[in-house]
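Structure first, commentary second.
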Amino acid sequence: MNAEESAAAAPAPATGTPRGPRGSYAKGQARRQAIVDEALAVFSRTGFHSGSLREIAKRVGLTPAGLMHHFADKEELFVEVLRQRDEKVRQAAGDPAEHTLVQQAEKVVAYNQTTRGLTSLYAIVSAEATDSEHPSHTDFAERYRTSARSAEALLRSGQEAGEVRSDIDPALAARLISAVMDGIQLQWLLDEQVDMVPLFEEFVRGYLLPPDGR
């Protein structure tokens with residue numbers, strides 16, 4: 003039995019209190035996550051440039067210097083917020099497997115309608131990132147390029163299987179899918195009476211699916 007196994011097998015203290023290092027790590031992780039959660043609230047309201055580290059720190063009971071103990075700078079914190087946002091969307095909608103691009107996109111739209119903060123964050127940041135000086139400019143440009151390449155390949159596979167209209171250009175349609183999703187999200191953020199799900203379903207029915215609905 004090695005040292006790690008011995009530690010795992012050793013009986014816990016009678017009080018049940020976590021040991022120092024383990025408890026400190028868990029506490030640090032909880033505080034780090036609390037910072038990310040509050041940063042999401044701030045960034046989704048004001049964007050990256052206007053989002054205040056001082057406000058985020060105050061919301062979690064820290065000084066700006068204390069916050070920097072968990073994140074080196076504002077950009078690092080922002081990147082983590084976006085990473086968690088992407089992971090939540092992926093978990094909710096799944097990764098698009100062959101011939102399931104349309105269904106996966108519909109799941110993303112439905113999920114986004116239940117998470118206003120995350121959807122607002124994406125809308126604000128994607129607009130801000132058009133500025134070449136924005137820290138996420140390159141990442142967002144590549145994000146759209148990568149998404150378009152993947153969607154184009156899946157649309158071509160869908161056409162071969164008869165699941166996607168044969169008279170559309172997959173390269174153009176790939177870009178249009180994300181454009182439509184972004185557009186209806188913006189309308190919903192401005193007016194919550196807008197229902198994104200049937201709007202996107204109408205786009206899919208009228209533009210992507212074959213006339214027989216297969």
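Reading the sequence shown from the start, the letters are residues 3 to 216 in our numbering.
Yeah, the Cβ is synthetic: ideal placement off N, Cα and C, and Gly gets one too.
- Counting along the chain, P200 sits inside the alpha helix (DSSP H) bounded by residues 198 to 205.
- Judged by DSSP in its simplified three-state form, R167 adopts coil rather than helix or strand.
- Two segments are said to touch when three or more pairs of C-beta atoms, one from each, lie closer than 8 Å; by this definition the stretch 165 to 175 touches the stretch 208 to 215.
- DSSP, reduced to helix, strand and coil, places A125 within a helical segment of the structure shown.
- When E108, L120, S122 are compared, the shortest CA-CA separation from F205 is found for E108.
- Around Q189, the same chain offers V196 as residues with beta carbons nearer than 6 Å, after the five sequence neighbours per side are excluded.
- Nearest C-alpha to L120 among S26, D171, R47: R47.
- Pairing M70 with I37, the inter-Cα distance amounts to about 11 Å.
- Shown here for E82: same chain residues with a beta carbon closer than 6 Å to its own, the five before and five after excluded, namely V38 in chain order.
- A distance below 7 Å between beta-carbons, with the five flanking residues on each side excluded, links S149 to the following residues of its chain, in chain order: S180.
- Sixteen is the threshold: when 16 or more other Cβ atoms of the shown chains lie within 10 Å of the Cβ of H72, as they do, the residue is buried.
- With 16 or more neighbouring CB atoms inside 10 Å of its own CB, Y124 falls in the buried class.
- Straight across, the Cα-Cα distance linking A95 with Y113 is about 7 Å.
- The residue among G49, R33, A43, V44 with its C-alpha nearest the C-alpha of G68 is R33.
- Nearest Cα to E89 within the set D75, A59, V110, G49: V110.
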